[in-house]
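Sequence lines, in order, name chains A and B. Take 28 as the starting number for the first sequence in the numbering used here and just add one per residue. Take 7 as the starting number for the second sequence in the numbering used here and just add one per residue. Every residue gets a Cβ at the ideal spot worked out from N, C-alpha and C, and that includes glycine. Take a look at the structure below.
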Amino acid sequence: MAATASSTTPVCAGDRLSASDAYEAGEGVYVRDGFLFAGVVGHKRIEPPPVEGGKPVLHVTTRGTQPLVPKPGDIVTVKITRVAQTTATALIVCVGRQALSTEFKGAIRQQDVRATEIDRVIMYDCFRPGDIVRAEVLSLGDARSYYLSTAKNELGVVYARSAAAGAPLVPTGWVTMQCPDTQTVEKRKVAKVGGGWGSATGK
Amino acid sequence: METSTSGSRVDGRGLEEFRTVFIKTRVLSQAKGSAYVEFGTSKVMVGVFGPRQSEVRLGFTDRGRVNCEVRFTSFSANKLAKLGQTQSDSLVAQAMQQALEPSVQLEKFPKAVFDVSAMVLEAGGSDLPVLITAASVALADAGVELYDLVPAVQLSKQAGQLLLDPSLEESGAEEGSLLVSLMPEPNEVTSLTVRGLWADSEMRDGLELALGACGQLKTAMREALLAAVEGEEDPAK
């Protein structure tokens, strides 16, 4: 297979890279007046056209991680900080697979917890403070926090500790998790990650 | 004291010559991006932190913000200054923020704030353009998406002559001063500050000199940033 054309020449923010009819703008590149410019300091990288007959994509990639802000549609990892009657407050600690340098506040509202039986959601049976939850960013929300949603099968609690013993709970169903030490069953909105749940019960 | 002869200055520089410029990035490990810049005896250190969440009292905004803070060390000037931010410090911070904000692609960071913390280690004259230049290098080092770097220069008008990058003594004796910060590639001025009386022809000459000097300065900024990038592995390989 032909190697992807790539250049090792580093470019600086503001450098003009090419005319915009030769390449599509990728990450770290912006368009102005018919030209592509680098937006960050890094290395140029050219990607083959995603569709047949399309233009190659030009990226500029930086060392380490770029500053990251949650965007609507992102899958984020959050830690629940407070549970109220209609809202669970959380701190966004990861966006996708990248940890954030500082946490952003998020809120999971009652109507966004699950896709079915929205009227009968009880927040305290879905989340507890300290739980680690996978969620999707619904919108920028308000000045206080992003609005998050767990209304999909693969979203929800991925890690929780038992209220009594403090041991990590094992998911046993869509809405239940069990303590391996005391066998106590606790209610959570469980995320379906990887395979099914433990051997004890089927779906 | 003998006055300087025409065409040269007390420190031996030509009229349109910078002081010695030294720029180094990645000097603070805890900052996302950082830069240390020297212009002769003006020494500043800048760190960029964030993005972090905006304060609630500032309300909702779908564009990010740049928050600048400047501190002068107590040993940075001849007279010992009291600690904390004085009124002139916040004016410097506001001018810095005004100069930097147009260059950052803030629409890519909704509801977020970048904190630019600057410290003047030695105030050797023309401190504000050094701060703007250093902050722009630090933002680029942090990986923040920019439209262009922002070099900034200052001129002094003295006895009918225009002096580029005035030192502390020259600033004290000036009749007028001109500060320009510029994005050289789109050729857009991000801030312009004029003090004193300037005739139209003097202003035109001053702007031409300043814009040319900004181009030179951007070359130095670019070299410092690319030197840091060249020192690491190409991530595509």
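Practice prompt. Please say whether residue 84 of chain A and residue 65 of chain A have beta carbons closer to each other than 9 Å?
Written response: For the purposes of this step, residue 65 of chain A is identified with residue 38 of the first sequence, where counting begins at 1. For the purposes of this step, residue 84 of chain A is identified with residue 57 of the first sequence, where counting begins at 1. Result no, Cβ atoms of residue 65 of chain A and residue 84 of chain A do not sit closer than 9 Å.
Discussion item. Does chain A have any CB closer than 9 Å to the CB of residue 7 of chain B?
Written reply: Counting from one through the second sequence, the residue named residue 7 of chain B turns up at place 1. At residue 7 of chain B the pLDDT is 39, less than 50, meaning the model places this residue with poor confidence; the figure from the coordinates comes in the next sentence. False, the Cβ-Cβ gap to chain A never drops below 9 Å.
Practice prompt. Quick one: grab the DSSP three-state call for residue 108 of chain B.
Written response: In the second sequence, the residue the question calls residue 108 of chain B occupies position 102. Reduced to three states, the DSSP call for residue 108 of chain B is helix.
Worksheet item: Looking only at DSSP bridge pairs, what is residue 201 of chain B linked to?
Response: Counting from 1 along the second sequence, the entry for residue 201 of chain B is found at position 195. B/183, per the DSSP bridge assignment.
Item to complete: Indicate whether residue 2 of chain B and residue 102 of chain B have their beta-carbon atoms separated by less than 9 Å.
Response: As shown, chain B starts at 7 and ends at 243. That puts residue 2 of chain B outside it, with no answer to give.
Worksheet item: Any Cβ of chain B within less than 9 Å of the Cβ of residue 80 of chain A?
Response: Numbered from its first residue, the first sequence carries residue 80 of chain A at position 53. Residue 80 of chain A does not count as touching chain B.
Discussion item. If I follow the unbroken alpha helix (DSSP H) through residue 128 of chain B, where does it start and stop?
Written reply: Counting from 1 along the second sequence, the entry for residue 128 of chain B is found at position 122. Segment 118-128 is the beta strand (DSSP E) holding residue 128 of chain B; no alpha helix (DSSP H) there.
Worksheet item: What does residue 89 of chain A reach in chain B if we use C-beta pairs closer than 7 Å?
Response: If you number the first sequence from 1, residue 89 of chain A lands on position 62. Under the 7 Å cutoff, chain B gives 149.
Item to complete: Just mark residue 109 of chain B as buried or exposed, buried being the case when its beta carbon has 16 or more other beta carbons within 10 Å.
Response: Start at 1 with the first residue of the second sequence, and residue 109 of chain B comes out as number 103. Residue environment analysis places residue 109 of chain B among the buried positions, since at least 16 neighbouring C-beta atoms fall within 10 angstroms of its C-beta.
Worksheet item: Going along the segment 41-65 of chain A in order, which residues come within less than 8 Å of chain B, judged by CB to CB distance?
Response: 41, 42, 43, 55, 57, 59, 64
Worksheet entry | Residues bridged to residue 88 of chain A (per DSSP) | Taking the first residue of the first sequence as 1, we reach residue 88 of chain A at position 61. Paired residues: A/70.
Worksheet item: In chain order, what residues of the same chain lie with their CB nearer than 7 Å to the CB of residue 201 of chain A, ignoring the 5 residues before and after it?
Response: As a position in the first sequence, residue 201 of chain A is number 174, starting the count at 1. Contacts found: 217.
Discussion item. So, for residue 205 of chain A: in the same chain, excluding its five sequence neighbours on each side, which residues have a beta-carbon less than 6 Å away from its beta-carbon?
Written reply: Your numbering for residue 205 of chain A matches position 178 in the first sequence. Closer than 6 Å at the Cβ level, and outside the excluded window around residue 205 of chain A, lie 197, 199, 212.
Worksheet item: Rounded to whole angstroms, how far is the Cβ of residue 196 of chain B from the Cβ of residue 105 of chain B, which I believe are closer than 8 Å?
Response: Here the question's residue 196 of chain B lines up with position 190 in the second sequence. Here the question's residue 105 of chain B lines up with position 99 in the second sequence. About 5 Å separates the two Cβ atoms, so the contact holds.
Worksheet item: Whose C-beta lies closer than 7 Å to the C-beta of residue 232 of chain B among residues of the same chain, with five residues either side of it excluded?
Response: Indexing the second sequence from 1 puts residue 232 of chain B at position 226. Correct list: empty, nothing qualifies.
Worksheet item: Is the beta carbon of residue 118 of chain A sitting closer than 9 Å to the one on residue 105 of chain A?
Response: Numbered from its first residue, the first sequence carries residue 118 of chain A at position 91. Numbered from its first residue, the first sequence carries residue 105 of chain A at position 78. Yes, Cβ-Cβ distance for residue 118 of chain A and residue 105 of chain A is below 9 Å.
Worksheet entry | Cβ contact check for the segment 145-158 of chain B and the segment 166-182 of chain B: 3 or more pairs under 8 Å | no
Fill in: Contained beta strand (DSSP E) runs [length at least 3] in the segment 82-156 of chain A, N- to C-terminal order
84-88, 102-110, 114-122, 125-136
Practice prompt. Take every Cβ of the segment 67-76 of chain A, pair it with every Cβ of the segment 125-136 of chain B, and state whether three or more of those distances are shorter than 8 Å.
Written response: With a cut-off of 8 Å on Cβ pairs, the segment 67-76 of chain A is not in contact with the segment 125-136 of chain B, counting fewer than three such pairs.
Item to complete: Identify every run of the beta strand (DSSP E) within the segment 8-70 of chain B, keeping only runs that are complete inside it and at least 3 residues long; order them along the chain.
Response: 27-31, 39-45, 48-59
Practice prompt. Please name the residue in A/183, A/49, A/210 whose C-alpha comes closest to that of residue 159 of chain A.
Written response: Here residue 159 of chain A refers to the residue found at position 132 when the first sequence is read from its first residue. Residue 159 of chain A has its Cα closest to that of A/183, out of A/183, A/49, A/210.
Discussion item. Against chain A, with Cβ distances strictly below 9 Å, would residue 189 of chain B count as a contact?
Written reply: Counted from its first residue, the second sequence places residue 189 of chain B at position 183. At least one chain A Cβ lies under 9 Å of residue 189 of chain B.
Worksheet item: Can you tell me whether residue 174 of chain A is buried or exposed, with buried defined as 16 or more other CB within 10 angstroms of its CB?
Response: Your numbering for residue 174 of chain A matches position 147 in the first sequence. Around the beta-carbon of residue 174 of chain A, 16 or more other beta-carbon atoms lie within 10 Å, marking it buried.
Worksheet item: Hey, how far is the Cα of residue 122 of chain A from the Cα of residue 176 of chain B?
Response: Numbered from its first residue, the first sequence carries residue 122 of chain A at position 95. Numbered from its first residue, the second sequence carries residue 176 of chain B at position 170. Their Cα atoms are separated by approximately 51 Å.
Worksheet item: Would residue 68 of chain B be called buried (16 or more neighbouring beta carbons within 10 Å of its own) or exposed?
Response: Reading the second sequence from its first residue, position 62 is the one you call residue 68 of chain B. Per the 10 Å Cβ criterion, exposed.
Discussion item. So, does the segment 171-185 of chain B touch the segment 13-25 of chain B, judging by three or more C-beta pairs under 8 Å?
Written reply: yes
Practice prompt. Grab me the residues of residue 191 of chain B's own chain with a C-beta within less than 7 Å of its C-beta, minus the 5 sequence neighbours each way, in chain order.
Written response: In the second sequence, residue 191 of chain B corresponds to position 185, counting from 1. The residues are 154.
Discussion item. With a threshold of 7 Å on Cβ separation, who are the neighbours of residue 72 of chain B within its own chain once the five nearest residues in sequence on each side are excluded?
Written reply: What you label residue 72 of chain B is simply residue 66 of the second sequence in a count that begins at 1. Hits under 7 Å: 103, 106, 107, 110, 120, 122.
Item to complete: Output, in sequence order along the chain, the residues in the segment 125-140 of chain A whose CB is closer than 9 Å to any CB in chain B.
Response: 127, 128, 129, 130, 131, 132
Worksheet entry | Cut-off 8 Å between Cβ atoms - residues of its own chain near residue 83 of chain B, not counting five sequence neighbours on either side | Indexing the second sequence from 1 puts residue 83 of chain B at position 77. Excluding positions up to five away in sequence, the list reads 129.
Fill in: Endpoints, the beta strand (DSSP E) within which residue 65 of chain A is located
Counted from its first residue, the first sequence places residue 65 of chain A at position 38. Here the beta strand (DSSP E) through residue 65 of chain A covers 62-65.
Worksheet item: Under the rule that 16 or more other beta-carbon atoms within 10 Å means buried, what is residue 57 of chain B, buried or exposed?
Response: For the purposes of this step, residue 57 of chain B is identified with residue 51 of the second sequence, where counting begins at 1. Under this definition residue 57 of chain B is a buried residue.
Practice prompt. Determine, using beta carbons only, whether residue 37 of chain A comes closer than 9 Å to chain B.
Written response: Indexing the first sequence from 1 puts residue 37 of chain A at position 10. Chain B contact via Cβ: present.
Worksheet item: Is there a Cβ from chain A that is less than 9 Å from the Cβ of residue 240 of chain B?
Response: As a first step, residue 240 of chain B is located in the second sequence; it is residue number 234 there, counting from the start. Since pLDDT at residue 240 of chain B reaches only 48, below the 50 mark, its modelled position is unreliable, and no value is offered.
Worksheet item: For residue 183 of chain A, does the three-state DSSP call read helix, strand or coil?
Response: In the first sequence, counting from the first residue as 1, residue 183 of chain A sits at position 156. Of the three classes helix, strand and coil, the one that applies to residue 183 of chain A here is strand, per DSSP.
Discussion item. Looking at residue 153 of chain A: is its Cβ nearer than 9 Å to the Cβ of residue 164 of chain A?
Written reply: Here residue 153 of chain A is taken as the residue at index 126 of the first sequence, counted from 1. Here residue 164 of chain A is taken as the residue at index 137 of the first sequence, counted from 1. In this structure, residue 164 of chain A does not lie closer than 9 Å to residue 153 of chain A by Cβ.
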